[in-house]
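What follows is a single structure, written as structure tokens, with notes after it.
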Amino acid sequence: MIFDEALRKSSLLIVDDEEMNVRLVQASLNKAGCKNTQGMNRPAEVIPWCKNNKVDLILLDLNMPGLHGLDLMRQMQSELADPPQVVVLTAMTSADDKLEALELGALDYLTKPFDVSELLLRVRNGLRLVALTAELKEERDNLHQEVKRQTQELEETQNEVLYRLGRAAEYRDNETGAHVKRMSESCGVLAKLATGDDVFASNVQKASQMHDVGKIGIPDGVLLKQGKLNDREWEIMRSHSRIGYEILSDTETPMMKMAAQIALTHHERWDGKGYPSGLKGEDIPLESRIVTLCDVYDALRSERPYKKPWSMEKTCQLIQDEAGKHFDPELTEVFIQHVEEIEKIRELYPDQTENGESLLETLLHH
1 MIFDEALRKS SLLIVDDEEM NVRLVQASLN KAGCKNTQGM NRPAEVIPWC KNNKVDLILL
61 DLNMPGLHGL DLMRQMQSEL ADPPQVVVLT AMTSADDKLE ALELGALDYL TKPFDVSELL
121 LRVRNGLRLV ALTAELKEER DNLHQEVKRQ TQELEETQNE VLYRLGRAAE YRDNETGAHV
181 KRMSESCGVL AKLATGDDVF ASNVQKASQM HDVGKIGIPD GVLLKQGKLN DREWEIMRSH
241 SRIGYEILSD TETPMMKMAA QIALTHHERW DGKGYPSGLK GEDIPLESRI VTLCDVYDAL
301 RSERPYKKPW SMEKTCQLIQ DEAGKHFDPE LTEVFIQHVE EIEKIRELYP DQTENGESLL
361 ETLLHH
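When you line the sequence shown up against full-length UniProt numbering, it's residues 1 to 366, in that order.
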């Protein structure tokens, strides 16, 4: 048996300017059981045909008026997304033509007059290669989809862990999970607006969720104290930035490295009066300047047992007043211009329970 069942279903195109040659090849293929064949005498019609019909293999003559077979192969490679495989079937015996055809990707090269048995075997081998290539492509595509699915699942799991870790710190500080979500989403938006870099924005959005993870290491007597903290207690509270850095810094992952820097420097101020290192201006990582701004904005806009929410107008006024002091002035300008986008995030992630004066001093130091 020359053709098995799979090869019998293959689609072949015979291209030769001599009608007699086309009929002879078709008859030989049909007799061997390959019924899905199409003959064509005008090489200029091949590409339009291939764009609209499935073609597994082309039996191609070279010396044709109007368009040489080698030129047709070049056109197919440039104009077709997935050009069919080619077996050259020609009376031309030039070694240069044969080499050029093979260089252009021809699977095989037969000269006329041909032996029918040899033709059928070479066509069969060509179709088997086509079928194998298709199988490999399908396996590759399936593998790609599986890798994509698992990567997405891993990213979703990672994001969930990051959120839960950040939420754990906020939970001890009586913050809401919605605050973590709003703040991180706002950071992603502001990062994209400020830089136009999607990867940077995505990393900031994820890493910002852990900005206060160091609060896990702060004693309840300090973290949850209702009254004013004394100097010793302030020092303990401020240590959460270094604790967070220690928790997150031992990593080679770019996003986690960013998270460690945010944890360490999100209480630095543009004017150099922040902590723990007194960094000033652009010495503060951009991601930390973004987190500082978004964190304060959302905290002021939110209702808590110890404070009522500020209006958007009042909060924006404070943010602008603090530009060049607490906040990066250029970031502040971008933020104010797009504050409506930030407000939409607040609408998407409202607090579950809220009730209850400005805690500006606390916001600027905790």
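Ideal Cβ positions, reconstructed from N, Cα and C, are used throughout, including at glycine.
**Prompt:** Skipping 5 residues on each side, what residues in its chain have a beta carbon closer than 6 Å to that of L359?
**Reply:** The pLDDT assigned to L359 is 38, lower than 50, so where the model puts this residue is not dependable, and the model offers no usable value.
**Message:** Are the CB atoms of V222 and M237 within a distance shorter than 8 Å?
**Reply:** yes
**Item:** Buried/exposed call for V147, threshold 16 Cβ in 10 Å
**Value:** exposed
**Unbroken alpha helix (DSSP H) run spanning Q77, endpoints** = 69 to 79
**Asked** Buried or exposed: where does N142 fall if 16 or more other Cβ atoms within 10 Å of its Cβ makes it buried?
**Response** exposed
**Request:** Give the C-beta separation of S202 and C294 to the nearest angstrom, bearing in mind that I take them to be a contact with Cβ-Cβ under 8 Å.
**Result:** That pair is no contact at about 15 Å.
**Asked** When we look at the beta-carbon of P113 and count the other beta-carbons within 10 Å, is it buried (16 or more) or exposed?
**Response** exposed
**Request:** Quick one: using the 10 Å Cβ neighbour count with 16 as the cut-off for buried, is P219 buried or exposed?
**Result:** exposed
**Message:** Which of the three DSSP states is assigned to Q150 in this structure?
**Reply:** helix
**A323 versus T332: straight-line alpha-carbon distance, rounded** = 6 Å
**Prompt:** Whose CA, out of I290, L162, G69, G278, lies closest to the CA of A194?
**Reply:** I290
**Contact set for P350: own chain, Cβ-Cβ below 7 Å, skip 5 residues either direction** = A178
**Message:** To the nearest angstrom, how far is the alpha carbon of L57 from that of S249?
**Reply:** 57 Å
**Close-in-space but distant-in-sequence residues of the same chain around L229 (CB under 8 Å, 5 per side omitted)** = V222, M237
**Prompt:** Who pairs with I58 in a beta bridge, going by DSSP?
**Reply:** L13, V86
**Request:** Pull up the distance between the alpha-carbon of W32 and that of D82, whole angstroms please.
**Result:** The sequence given here places Ala at residue 32; Trp does not occur at that position. So the alpha carbons of these two residues sit roughly 27 Å apart.
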